[in-house]
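S.K.:
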Amino acid sequence: MTRRVPLPRWTGTLAVKAAAFITVMCCALAALLGILVHVSVTDQTVGQARELALARLKDATSAFESGDTLLPGAGVDPEGLPPSLRRLAADGQRGTVVGRHHGRPTMWAAGPADHGRTLAVEVDYSQQAHTIAGLDNAILWSSGLAIGATLLVGAFAVTRVTRRLHATALVARRISTGDLDARVHDPLARDRTRPQDEVAAVAAALDSMAASLQGKLMAEQRFTADVAHELRTPLTGLHAAAELLPPGRPTELVRDRVAALRTLTEDLLEISRLDTGRERPALDAEHLSTVVRRAARAADATAGDGTRVRVVRDVYVETDRRRLERVLGNLVANAHRHGRPPVVLTVDGPAVTVRDHGDGYPEYLLEHGPQRFRTEGGATGHGLGLTIARGQAEVLGARLEFANAADGGAMATLTLPQSPPTTAEPPPESSGPPPPADRS
């Protein structure tokens, strides 16, 4: 089994891939053109030198056969003659070869002489060798400059595209986090007179999708708010009528169902207010442990089960106490309803952890967060308690995270922004009236 070597994250970007592709293609093209030019010029230069060497060999052969003195550079069995030419001349043929003689490039031409000897001439090949070497250097320098210029131009063009793609991805992430007002507004997508590329098409599609999604969500929010408002008046009448019924088991059932329906209606109204995004916290400074103990007492009054509070490190926080108690009350009520005791609230700095010892949160909640009117595994409820807790935490600027403990049980951790971040001793418990806690 082969193991793949992990690569840095920046190697996966489109700009790096485009730059690598442009570089490879430019290098391949430069190498191909350089080889073609080198081969062409070299063949031409060597051919001219070969013709000159053969012409001098012909003159030397005429002089040798007539008994005249050989010209300079010609001789019989000269020193340094390549062995391949000696064998060729021994076979009665003529030939040429490029070699080195006395440290200089030399073009040799040789042919047969009498008594098995070899008549050869040498032509200085230094000038032609320098010409070819200079041509090779010029090819290398020009190829490097061409690759660099092409890479810069290509990187500039690709960067313009990747910058637009990056902006589109950022807007998509903002939309996924709930900012439905985010739009790309790509210049090419807005100007219909200019040719549209693929990036402009993606940006236009994303803007259209965001606008459509925003319209549908706003319509859903208006519908939820309208329904909840319309239900309040008849529910108030039902509650008043139920109080007038004679004591008995049927009356208790009616009152219980009316109370549950009123709670659901109030939850829907609260969610509709949170969905508008116009909720603002009323900040006040207080010890965090005081708010936690107050929320625990409220949960005990509603659920009837013991809730433990453990203070590891207390802090003085500036927050909206009512909203914070609402968040903690919903988390504790959810732990009592869907988990198993003991339910423990742990204060450690600006973080408050609510843990039960039940079966833990379902997988969909850990992956996507709480969703209204969705429950699994035979659980009861409407899923509104945790949804409200998350919405109120966002109003407080806090971070609410859900996880399952390694040894079993659900854990909800609320991390508050603290101002100032100073450590304080646990204060005495206050005796204010407990607020109502909601259940999911």
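Counting from 1 along the sequence shown, just add 290 to a position and that's the residue number in this note's numbering. Heads up, the beta-carbon is just placed ideally off N, CA and C, and yes, glycines get one too.
Quick one: measure Cβ to Cβ for Gly648 and Gly629, integer angstroms, because I've assumed they're closer than 8 Å.
M.R.: 3 Å
S.K.: Between the alpha carbons of Thr332 and Ala439, how many angstroms are there, rounded?
M.R.: Thr332 and Ala439: Cα-Cα distance of roughly 28 Å.
S.K.: Tell me which residue opens and which closes the beta strand (DSSP E) that His391 is part of.
M.R.: Gly385 to His391
S.K.: Alpha carbons only, please: which of Trp398, Thr313, Arg645 and Glu556 is nearest the one belonging to Thr514?
M.R.: Checked all of Trp398, Thr313, Arg645 and Glu556; the closest Cα to Thr514 is Glu556.
S.K.: Let's see if you can read the secondary structure: which residues bound the beta strand (DSSP E) around Val638?
M.R.: It should be noted that the sequence gives Asp, not Val, for residue 638. First-last of the beta strand (DSSP E) with Asp638: Val633 to Asp638.
S.K.: Jot down the residue ranges of each uninterrupted alpha helix (DSSP H) in the stretch 317 to 383, minimum 4 residues, whole runs only, in chain order.
M.R.: 373 to 380
S.K.: With a 10 Å radius around its C-beta and 16 neighbouring C-beta atoms as the bar for buried, classify Ala531 as buried or exposed.
M.R.: exposed
S.K.: Between Gly401 and Ala379, is the Cβ-Cβ spacing less than 8 Å?
M.R.: yes
S.K.: Could you compute how far the alpha carbon of Leu430 sits from the alpha carbon of Ile422?
M.R.: 12 Å
S.K.: Since Val685 is in the alpha helix (DSSP H), which residue starts that stretch and which ends it?
M.R.: Leu674 to Leu686
S.K.: For Leu543, is the classification buried or exposed, using 16 other Cβ atoms within 10 angstroms of its Cβ as the cut-off for buried?
M.R.: exposed
S.K.: I need the DSSP call for Leu409, collapsed to helix, strand or coil.
M.R.: Here Leu409 sits in strand by DSSP.
S.K.: Is DSSP giving Asp487 helix, strand or coil here?
M.R.: coil
S.K.: By Cβ distance, which residues of its chain are closer than 7 Å to Ala625, with the 5 residues on each side in sequence left out?
M.R.: Val633, Val644, Asp646 and Ala700
S.K.: For the beta strand (DSSP E) that contains Pro395, what are its first and last residues?
M.R.: Arg394 to Pro402
S.K.: Can you look up Leu655 in the DSSP assignment and give me helix, strand or coil?
M.R.: helix
S.K.: Classify Phe311: buried if its beta carbon has 16 or more other beta carbons within 10 angstroms, exposed otherwise.
M.R.: exposed
S.K.: Can you check which of these residues, Gly365, Ile465, Leu686 and Arg390, is closest to Ser498 by C-alpha distance?
M.R.: Ile465
S.K.: Within 10 Å of its beta-carbon, does Ala320 have 16 or more other beta-carbons around it, so buried, or fewer, so exposed?
M.R.: buried
S.K.: Measure the alpha-carbon distance for Gly389 versus Val411 and round it to whole angstroms.
M.R.: 12 Å
S.K.: Could you say if the stretch 650 to 658 and the stretch 612 to 627 meet the contact criterion of at least three C-beta pairs nearer than 8 Å?
M.R.: no
S.K.: Determine the burial state of Leu503: buried for a count of at least 16 other Cβ atoms within 10 Å of its Cβ, exposed for fewer.
M.R.: exposed
S.K.: Just the Cα atoms here: how many angstroms apart are Asp604 and Pro631?
M.R.: 24 Å
S.K.: Would you call the CB atoms of Ala308 and Gly444 closer than 8 Å?
M.R.: Pairing Ala308 with Gly444 gives a Cβ-Cβ distance under 8 Å.
S.K.: State the Cα-Cα distance for the pair Arg473 and Arg454, rounded to the nearest angstrom.
M.R.: 13 Å
S.K.: Measuring straight from C-alpha to C-alpha, what distance separates Leu690 and Ala447?
M.R.: 43 Å
S.K.: What number of angstroms, rounded off, separates the C-alpha of Phe354 from the C-alpha of Leu347?
M.R.: 10 Å
S.K.: Can you find the residues in the same chain that come closer than 6 Å, C-beta to C-beta, to Ala376, ignoring five residues on each side of it along the sequence?
M.R.: The sequence given here has Arg at residue 376, not Ala. Hits under 6 Å: Thr408.
S.K.: Would the stretch 608 to 623 and the stretch 559 to 578 be scored as touching if the rule is three or more Cβ pairs under 8 Å?
M.R.: The stretch 608 to 623 is in contact with the stretch 559 to 578.
S.K.: How many Å lie between Ala693 and Asp481 at the Cα?
M.R.: Approximately 47 Å, taken between the alpha carbons.
S.K.: For Asn620, count neighbouring C-beta atoms within 10 Å of its own C-beta (all shown protein chains included) and say buried if the count is 16 or more, exposed if not.
M.R.: Buried, since its Cβ has 16 or more Cβ neighbours within 10 Å.
S.K.: Output the residue ranges of the beta strand (DSSP E) runs that lie fully inside the stretch 570 to 645 and measure 3 residues or longer, sorted by chain position.
M.R.: 574 to 577, 597 to 609, 633 to 638 and 641 to 645
S.K.: Taking all protein chains shown into account, do 16 or more other C-beta atoms lie within 10 angstroms of the C-beta of Gly668, making it buried, or fewer, making it exposed?
M.R.: The pLDDT assigned to Gly668 is 49, lower than 50, so where the model puts this residue is not dependable; a value taken from the coordinates is nonetheless given after this. Exposed is the call here.
S.K.: Note the first and the last residue of the continuous alpha helix (DSSP H) segment covering Arg689.
M.R.: Under the DSSP assignment, Arg689 falls outside any alpha helix (DSSP H), being part of the beta strand (DSSP E) whose first and last residues are Arg689 to Asn694.
S.K.: Candidates Leu676, Pro640 and Asp358: which alpha carbon is nearest Gly687's?
M.R.: For Gly687, the closest of Leu676, Pro640 and Asp358 by C-alpha to C-alpha distance is Pro640.
S.K.: Count the other CB atoms within 10 Å of the CB of Leu614; is the residue buried (16 or more) or exposed (fewer)?
M.R.: buried
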